[in-house]
Amino acid sequence: MSTEYKTVFASIDDYRKGGVQCLNEDPKRYAFSNLYEVAATNAPYDRIVVAKNLDYTIESVRAEGGSDWYVCAHDEFVVAMDYDVEVHYLKLEDESVIDDDKDGAFKLPTNTSGQEMGRIFLKRGHMALLPEKNAYRFHANRPSTLMIQSILGEESIEKWADICLK
Amino acid sequence: MTSVIKATVDNSVSGYQTFTVGTFSFNRDEYFAYINCPNGEYVMSIDDFLRALMRDVAWGFFYGTVAFDDVFGTINHYGNVDMYMGAQHQDWIVSERAYTENFKSDVLMGVFKSILSDWVNEGFDPFAAPQETGLAWGRKNGNEDALIDRQREVAKRMVGMPGDAPLRSDENGYSVNRAFADVDQEQPIIEAMPGFEGELSAFNFFGYLSRSDVTWNPSVVSVVRQSLFCPTTEEYILPIDHGNDRCEWFLQMSDEIIWDIKDKESHPIATVTMRAGDVSAMPGDIRHQGQSPKRSMLLVWENGSPEILEMIRNGTVPMVPVEF
Ligand SMILES: [Fe+2]
Chain A
1 MSTEYKTVFA
11 SIDDYRKGGV
21 QCLNEDPKRY
31 AFSNLYEVAA
41 TNAPYDRIVV
51 AKNLDYTIES
61 VRAEGGSDWY
71 VCAHDEFVVA
81 MDYDVEVHYL
91 KLEDESVIDD
101 DKDGAFKLPT
111 NTSGQEMGRI
121 FLKRGHMALL
131 PEKNAYRFHA
141 NRPSTLMIQS
151 ILGEESIEKW
161 ADICLK
Chain B
1 MTSVIKATVD
11 NSVSGYQTFT
21 VGTFSFNRDE
31 YFAYINCPNG
41 EYVMSIDDFL
51 RALMRDVAWG
61 FFYGTVAFDD
71 VFGTINHYGN
81 VDMYMGAQHQ
91 DWIVSERAYT
101 ENFKSDVLMG
111 VFKSILSDWV
121 NEGFDPFAAP
131 QETGLAWGRK
141 NGNEDALIDR
151 QREVAKRMVG
161 MPGDAPLRSD
171 ENGYSVNRAF
181 ADVDQEQPII
191 EAMPGFEGEL
201 SAFNFFGYLS
211 RSDVTWNPSV
221 VSVVRQSLFC
231 PTTEEYILPI
241 DHGNDRCEWF
251 LQMSDEIIWD
261 IKDKESHPIA
271 TVTMRAGDVS
281 AMPGDIRHQG
291 QSPKRSMLLV
301 WENGSPEILE
311 MIRNGTVPMV
321 PVEF
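In order, the protein sequences belong to chains A and B.
Mind the numbering: the first sequence is residues 1 to 166 in my numbering, read in order.
Mind the numbering: the second sequence is residues 1 to 324 in my numbering, read in order.
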């Protein structure tokens, strides 16, 4: 009989944060936060930067209800971290709104027009490509956590002192 | 400095070869690796030595310092590499025993690969968790060249996309690991409108990780320019103590890892305990070594930008990613 293991995942409503035990060190240097806690304590679709390396970011997002349309000049990737989230894709009619030199995602007006490309249904642990220059929006029936791999842009929110251990 | 005393090693009994590079030499017997340099001899348990050597080889000397332990290791200068004994240990430095020698990367890599080929016995996989492989001990008995030559998967855009690194499946030899038998294997549902079938892509990232056959060996799953998602599955102890030369980030996807943090003279300075969802930076001026009680999923996030090399050379690379 083989050993049985239980894999421990967490969610926006059930997470157990670890921490930093210091001897001769400043815990702030570890910028320690938790994706689920950040999603649980921020407004829907605020893109909170939880990790940053030069201009590259990883953002934690609370998905809840429908989001605005976003577009980005470069690829991004999203991972559903707990509950079901839909991603809807749109081929823009007018790509001139995208500035190739601008990093990060930005919001499009609600009446943005284009051709529906389809949908992806994400469950916990599923990753989707948010392909460059195509608009996307999210929909979640209940508060859920998204992790986005991107680059610092106008929608990225940095609030390190609020999210990190001190 | 006092004299250097060398242990007695008899290759005619053990069947192993001696390897030399520069003024360093390496010997093994049934239980130990013996490392010699002009300032001294250092002895490591052979299983620890081979697991660390495997990572140093697989990662091409990696970023910054690959410390096999507090005494012996390599420091990557990208094209050339330092091999040291005691240079990151305060007592070795103070007693003037610390020794460092620089090598062209391909020269040292060639020797390291030859050591692995000769010293790894049949049945011992240095990439595997200790419960999932045989033992390193004993006299020379075959090899595991097929295992030690395996390449990590590196996506150009995202794994699973046409022409990119393939998904892992039973069919291509990646079965679900025993410790992740409860991880859902369903793939995301993609509903593409006619004409857009090739443009929407997604895959089960946690399912992909549950099928990793190695421990402490990141592969690349998604790429935004030089931003690399390098997830890996971890079990038992990271076989090296990593001293990066830039910041890196960890995002714990499942279970728990306890990171031992030391400064670059091997003094312990902190313990970072990470659970599912936790995010933590590893500063560029420390060493970190993880311990994972159960096989866990860790997302290592690296910045591979060439501009960082320039910043390392001129000393402007930040040691912490953010200040607040
Ligand atoms: Fe590291």
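Ideal Cβ placement from N, Cα and C applies to all residues, glycine included.
- Near ligand 1, residues with a Cβ at less than 7 Å from any of the ligand's heavy atoms are 242(B), 244(B), 248(B), 282(B), 288(B), 300(B); the list follows chain order.
- Per the DSSP secondary-structure output, residue 77(A) pairs in a beta bridge with 129(A), 149(A).
- At a C-beta separation below 7 Å, residue 247(B) has these neighbours in chain A: 53.
- Flagged as an interface residue toward chain B: residue 23(A), by a C-beta distance shorter than 8 Å.
- Using beta-carbon distances, residue 123(A) counts as an interface residue toward chain B, with a partner under 8 Å.
- Under a 10 Å Cβ-count criterion, residue 175(B) is classified as exposed, with fewer than 16 other Cβ atoms of the shown protein chains found around its own Cβ.
- Distances from the alpha-carbon of residue 145(A) to those of 17(A), 162(A), 10(A), 4(A) put 10(A) closest.
- Annotation: residue 41(A) has no Cβ neighbours in chain B at a cutoff of 7 Å; minimum Cβ distance is about 13 Å.
- Counting only unbroken stretches of 3 or more residues, the beta strand (DSSP E) elements lying wholly within the region 264 to 292 of chain B are 268 to 275, 278 to 282, in sequence order.
- By the CB criterion at 8 Å, residue 308(B) and residue 243(B) fall outside the cutoff.
- Taking C-beta separations shorter than 6 Å and ignoring five residues to either side along the sequence, the partners of residue 113(A) in its chain run 93, following chain order.
- When the Cα atoms are used, residue 293(B) and residue 53(B) turn out to be separated by approximately 22 Å.
- Taking the Cα of residue 159(B) as reference, the smallest distance to any Cα among 51(A), 65(A), 83(A), 128(A) is reached at 128(A).
- Taking 8 Å as the cut-off, the beta carbon of residue 62(B) is found closer than this to the beta carbon of residue 56(B).
- For residue 11(B), the number of other beta carbons within 10 angstroms of its own is below 16, and it is reported as exposed.
- Using a Cβ distance threshold of 8 Å, residue 25(A) and residue 270(B) count as a contacting pair.
- DSSP places residue 109(B) inside the alpha helix (DSSP H), whose first and last residues are 105 to 119.
- Nearest CB-CB separation between residue 92(A) and chain B: not below the 8 Å threshold.
- Looking at 198(B), 20(B), 154(B), 5(B), the one whose alpha-carbon comes closest to that of residue 110(B) is 20(B).
- At a cut-off of 8 Å between beta-carbon atoms, residue 271(B) makes contact with chain A.
- When DSSP states are grouped into helix, strand and coil, residue 216(B) belongs to the coil group.
- Listed in chain order, the positions of the region 135 to 169 of chain B with a beta carbon within less than 8 Å of a beta carbon of chain A are 157, 158, 161.
- Here the C-alpha atom of residue 146(B) lies approximately 44 Å from the C-alpha atom of residue 164(A).
- When beta bridges are read from the DSSP output, residue 32(A) appears opposite no residue.
- The beta carbon of residue 150(B) is closer than 7 Å to none in its chain, skipping five residues each way along the sequence.
- In this structure, DSSP gives residue 309(B) a helical state, which the three-state scheme calls helix.
- Residues of the region 188 to 204 of chain B whose Cβ lies closer than 7 Å to any Cβ of chain A, in chain order: 188, 189, 190, 191, 192, 193, 196, 199, 200, 201, 202, 203, 204.
- About 12 Å separates the beta carbon of residue 290(B) from that of residue 248(B), a gap too long to meet the 8 Å contact definition.
- Proximity of the region 72 to 87 of chain A to the region 101 to 121 of chain A meets the contact definition, three or more beta-carbon pairs being nearer than 8 Å.
- Here residue 43(A) really is in contact with residue 62(A); their C-beta atoms are around 7 Å apart, less than 8 Å.
- Collapsing the DSSP output to three states places residue 254(B) in coil.
- For residue 58(B), the enclosing alpha helix (DSSP H) begins and ends at 46 to 58.
- Residue 9(A) carries a coil assignment under DSSP once its states are collapsed to helix, strand and coil.
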